[in-house]
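Chemist:
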């Protein structure tokens, strides 16, 4: 018990310090020591919290193999497990599996009914059915207007105009660096990207930068044995930006922030630099 408490304290400290590597080390140790269902759930939930849904899902399957023979099994805990499984499936690029499981789980009150409708909407959206998704989002708002307020929208043309405006306001030197960088507006990230990344790229991501940064481009130490550098691309995800915004003004601001954030990565800035310069 003392070792368990010590590890929990260390884990909480690592979470507070945003030390993902240390979190993983502790979780691996806790995972080996897990005996009771509650111990497994703790590991499963924490893996999700630190953005490792694949590891969470693997642990879920391990626990499911034990069935109700696992010490400390309770139906309420199994319900918690299944809800976490829906999220892990969704975050690793399996919206169909997540949708099927979520439909089998019954909500306990209006707020959970609203969240359930919203999640079902997310799954339909990533399955290429935005109309059905919007119906579920509207239902979520009806059930809990404060918890799931109406989603503002921005048309494709409006988003393109806004992107052009943001680019026009950048310093000339930065605009020049971006001349050969396509900025692609898409509704959502491709499921294949999410699946190939094992959930490291979230289906809810707002924007994504890929390819060689300016620093890589001008790196004279480049070796042909390492492979050719890939072309830089910035992707902005319209539907995700709509969903995370509180209103139309906030939506406009979030599009700007996301675009500047991804431009920051092209300039070779890391997450700390991006945050410090107000691009996050």
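Residue numbers (our numbering): 2 to 281. Cβ atoms here follow ideal geometry from the backbone N, Cα and C, with glycine treated the same way.
1) Confirm, please, whether the CB-CB distance from residue 206 to residue 183 is below 8 Å.
2) Could you tell me the boundaries of the beta strand (DSSP E) in which residue 184 lies?
3) Run through DSSP, which three-state label would residue 171 get?
4) Which partner residues does residue 209 have in the DSSP bridge list?
5) Can you tell me whether residue 222 is helix, strand or coil according to DSSP?
6) Note down, in chain order, each residue of its chain lying with its Cβ closer than 6 Å to the Cβ of residue 94, except the 5 sequence neighbours on either side.
7) In this structure, does DSSP put residue 86 in helix, strand or coil?
8) Spatial neighbours of residue 23 within its chain, please: C-beta separation below 7 Å, excluding the five flanking residues on both sides.
9) Is the stretch 64–78 touching the stretch 23–32 in the sense that three or more CB pairs, one from each, lie closer than 8 Å?
10) Assuming residue 101 and residue 108 make a contact with CB atoms under 8 Å, what is their CB distance in whole Å?
11) Using only the alpha-carbon positions, how far apart do residue 110 and residue 178 sit?
12) Could you say which of 244, 124 and 172 lies nearest to residue 91 if we only look at CA atoms?
13) Is the stretch 162–180 in contact with the stretch 46–65, if contact means three or more CB pairs nearer than 8 Å?
14) Helix, strand or coil: how does DSSP classify residue 41 here?
15) DSSP three-state label for residue 288, please.
Modeler: On the basis of the supplied data:
1) no
2) Its beta strand (DSSP E) spans residues 184–187.
3) coil
4) 236
5) Unreliable positioning characterises residue 222 in this predicted model, as indicated by a pLDDT of 47, which lies under 50. The coordinate reading is nonetheless provided below. Correct three-state label for residue 222: coil.
6) So the qualifying residues of the chain are 192, 195 and 196.
7) Here residue 86 sits in helix by DSSP.
8) 15
9) no
10) Their Cβ separation, rounded to whole angstroms, is 16 Å, which puts residue 101 and residue 108 out of contact at 8 Å.
11) 52 Å
12) 124
13) no
14) helix
15) With the chain represented from 2 up to 281, any question about residue 288 goes unanswered, as that position is not in the structure.
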